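The numbers in our numbering rise by one with no breaks, and the one at position 62 of the sequence shown is 194. Think of the CB as a built atom: it goes at the ideal place given N, C-alpha and C, for glycine as much as any other residue. The model shown is predicted, which means the values in this text are computed figures rather than measured ones.
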Amino acid sequence: MDNRRRPIKPHYPSDNIFSDQPDNQDSSIKPSDTLSLPLYLTNCLFFTMFFSVMYFLLHRWREKIRKGFPLHVLSFSEITALVSLIASVIYLLGYFGVEFAQSIVSGKGNNDSWECNDERYVGPPTVRQNVSVKSVMVTDQTVQKIKHVELVDDVVEGKMPSCSLESKLGDCNDNGVAAPPPVRQNVSVKSVMVTDRVELEDDEVIIKLVVEGKIQSYSLESKLGDCKRAAFIRKEALQRTTGKSLEGLPLDGFDYESILGQCCEMPIGYIQIPVGIAGPLLLDGKEYYVPMATTEGCLVASTNRGCKAIYVSGGATSVLFRDGMTRAPVVRFGSAKRAAELKFLVEDPMNFETLSVVFNKSSRFARLQNIQCSIAGKNLYMRFSCSTGDAMGMNMVSKGVQNVLDYLQNEYPDMDIIGISGNYCSDKKPAAVNWIEGRGKSVVCEAIIKEEVVKKVLKTEVAALVELNMLKNLTGSAMAGALGGFNAHASNIVSAVYIATGQDPAQNIESSHCITMMEGVNDGKDLHISVTMPSIEVGTVGGGTQLASQSACLNLLGVKGANREVPGSNARLLATIIAGSVLAGELSLMSAISAGQLVKSHMKYNRSGKDVTKESP
């Protein structure tokens, strides 16, 4: 790290270094010396005065403009405020502006300034005054606890520069310039300061500091500037703290920079999930090889068999009939009447254009579609639905909703915003509103499977499949009180594709809402099968879609990133591919159950040959 510290004139202490008399090293008079207050209090005083006076004047001028009063007519309080403003500006410019202007004019930093890469102001060093024999300087780069008094004495007496305390871990100056002699401050020998960026080459030291709680685990990335190294140190510290081994959790082979600040906090490695391929899936005249990340044996093989049956029968077709992400804030009034008034205003078609303008300014892709309201007493739930381009869109719709709430707050000052999400959306929870109204992409996918394919590929009969679907997926689910679960295993396929393509796995809950329908056609010889999925929540930009592995899977499907020509078309295509994959999975599993092959196939493909009783705990 390139740290340039204030050059200090050679320090010539008195004969007795333990003397309590000051050495008068710097006799120059500073502006701050005119005040009896400490420097930081003086700065706080003038900063507070500056912002307080500015707020007061702006508030008064706004009132004058509203009432039509002339601005040049000043009251005594306004004159006092102007004088205080001028005084604070003069002080702040004198304190902060002079050195900055000199550095600009001279083309280089002033020698009297501190410049650190970590951009942390640590203040100028002070001369030794009334320093006891137990006092010692601790530089802003020291992270090791000083335990040897002999080393402390060397630093105090000037025999060793303070930066040499890091000699075991590398030079304290990257430019090779020797550090200035130390200046002692009133810091206890037992104290130690950890800086914003830790420039240590010895990982063992940092691990111990994390274990002891002197460095917070979550701050390692910002302090070290190396995400992979931070993950290694965090993992090792966790093993020592818990006494549990993480040997099987890999660390190498992953780009930790790509997840910083957006995908995962405090990483210690990554999970290995195998990715299989099902296909080709012939959907709407095009072939797709579907990536599925799963640890469940038989799943990929079963879906692949369904894809084969669809392919040889001529393929499947899909229709996306709705596309809109939702967010539903909850607001409260003093009475149910006031809540109803806002409901009428929001749902009035005459006001929709105005609200759309307010909502749509949050993004160039967000377009408000409708607002559906529901009242519970004096509480109002407003379900906003909007298109979100190729993004899944939760953040996008939330920003638009916030804009509308701010706008409505001006018209309804008695409106109390309880939360931007009131669970009427509804996100990551099974909900009838999603099953009925839809959320995200609503897709229906169908195919006609020929009789010979049902017999030769699926090993069953059309009539048997129709009967099983009626008694299992429809009647059985109704008996169980299922909500959106009128299918065999739609969530299996949805989860596997979601993980492979970087979607939010938790949204599998509502995205797996599906009803599977089967009936005989062409005089009962062929099978018509369809899946209707009203709330597939997917995106091809943002979140985990940008990670290398997930991005590769999206690229395999031809939906990587945003479509610049037709915004939103990549996300819509991904939703139809997922629905087509679910269709294949439903067809194959139902056939296996109908033919009595389910247990046999799982015993073959979903059983490990390893003797777990011999595994060490």
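In terms of residue numbering, what span does the beta strand (DSSP E) encompassing residue i cover?
i	result
Met665	658-668
Arg454	449-459
Glu651	646-653
Could you check where the alpha helix (DSSP H) with residue i kicks off and where it finishes?
i	result
Gln373	Note that residue 373 corresponds to Thr in the displayed sequence, not to Gln. Start and end: 359-374.
Met482	481-492
Lys692	Per DSSP, Lys692 belongs to no alpha helix (DSSP H) and is neither H nor E.
Ser434	431-444
Ala596	594-600
Leu356	352-356
Val586	583-588
In the structure shown, what three-state DSSP assignment does residue i receive?
i	result
Ala498	coil
Val342	helix
Lys418	strand
Phe465	coil
Cys577	strand
Met611	helix
Ile218	helix
Leu721	helix
Asp272	Low local confidence applies: a pLDDT of 44 at Asp272 is under 50, so the model's placement there is unreliable, with the coordinate-based value given in what follows. Three-state result, Asp272: coil.
Leu413	strand
Pro637	helix
Arg329	A caution first: Arg329 carries a pLDDT of 46, below 50, which makes its placement in the model unreliable, though a value can still be read off. Reduced to three states, the DSSP call for Arg329 is coil.
Ile710	helix
Ala620	coil
Glu298	Unreliable positioning characterises Glu298 in this predicted model, as indicated by a pLDDT of 45, which lies under 50. The coordinate reading is nonetheless provided below. Of the three classes helix, strand and coil, the one that applies to Glu298 here is helix, per DSSP.
Val205	coil
Val407	strand
Ile400	coil
Gln504	strand
Ala425	strand
Gly675	helix
Gly226	helix
Ala311	Note that Ala311 scores 42 on pLDDT, short of 50, meaning its location in the model is unreliable and no value can be drawn from it.
Thinking just about the alpha-carbon of each residue, which of the options is nearest to the one in residue i?
i	options	result
Leu189	Val215, Leu177, Pro170	Val215
Ala498	Asn436, Gly521, Leu705	Gly521
Ala471	Ser445, Glu543, Ile400	Glu543
Ser609	Ile647, Ser681, Glu428	Ile647
Lys493	Lys469, Phe476, Val533	Val533
Asn601	Ser558, Glu651, Thr592, Gly613	Glu651
Asn555	Asp546, Asn566, Met547, Pro545	Asn566
Gly551	Ile710, Val463, Asn502, Val576	Val463
Gly357	Pro545, Tyr388, Ala632, Val478	Tyr388
Ile641	Cys176, Ser184, Ala632, Val626	Val626
Ser662	Leu474, Arg372, Leu383, Gly447	Gly447
Val490	Lys531, Leu615, Val451, Asp658	Lys531
Asn619	Leu203, Gln348, Gly509, Ser644	Ser644
Thr174	Ile211, Ser207, Leu224, Lys196	Leu224
Glu578	Ile710, Gly226, Phe208	Ile710
Ser207	Trp193, Ser623, Asp334, Val585	Trp193
Asp559	Val731, His621, Val529, Gln348	Val529
Val536	His621, Phe484, Lys376	Phe484
Arg496	Asn511, Ala523, Glu479	Ala523
Pro562	Phe228, Leu603, Ala614, Gly466	Ala614
Ser377	Lys360, Ala362, Ile400	Ile400
Met457	Leu500, Asp334, Glu584	Leu500
Ala622	Cys176, Ser220, Ala716	Ala716
Gly525	Gly572, Asn502, Glu210, Ile507	Gly572
What beta strand (DSSP E) runs, 3 residues minimum, are completely inside the stretch 506-565?
Whole beta strand (DSSP E) segments, 3+ residues: 511-519, 548-551.
Taking contact to mean at least 3 C-beta pairs separated by less than 8 Å, is the stretch 623-643 in contact with the stretch 590-600?
Cβ pair count under 8 Å is below three, so no.
Are the stretch 402-413 and the stretch 658-675 touching by the rule of at least three beta carbon pairs closer than 8 Å?
Judged by Cβ distances under 8 Å, the stretch 402-413 makes no contact with the stretch 658-675, as fewer than three pairs qualify.
Report yes or no: do three or more beta-carbon pairs, one from the stretch 692-699 and one from the stretch 412-423, lie closer than 8 Å?
Flag = no, the stretch 692-699 and the stretch 412-423 do not touch.
Segment contact, 8 Å Cβ cut-off, at least three pairs: the stretch 674-683 with the stretch 390-399:
Short answer: they touch.
Under 8 Å: do the stretch 336-343 and the stretch 366-375 share three or more Cβ pairs, one atom per stretch?
Segments in contact, yes.
Is the stretch 715-724 touching the stretch 428-440 in the sense that three or more CB pairs, one from each, lie closer than 8 Å?
Here the stretch 428-440 makes contact with the stretch 715-724; the two share three or more CB pairs at distances below 8 Å.
If we count Cβ pairs, one from each stretch, closer than 8 Å, do we get three or more for the stretch 654-661 versus the stretch 682-698?
Counting Cβ pairs under 8 Å, fewer than three are found: no touch.
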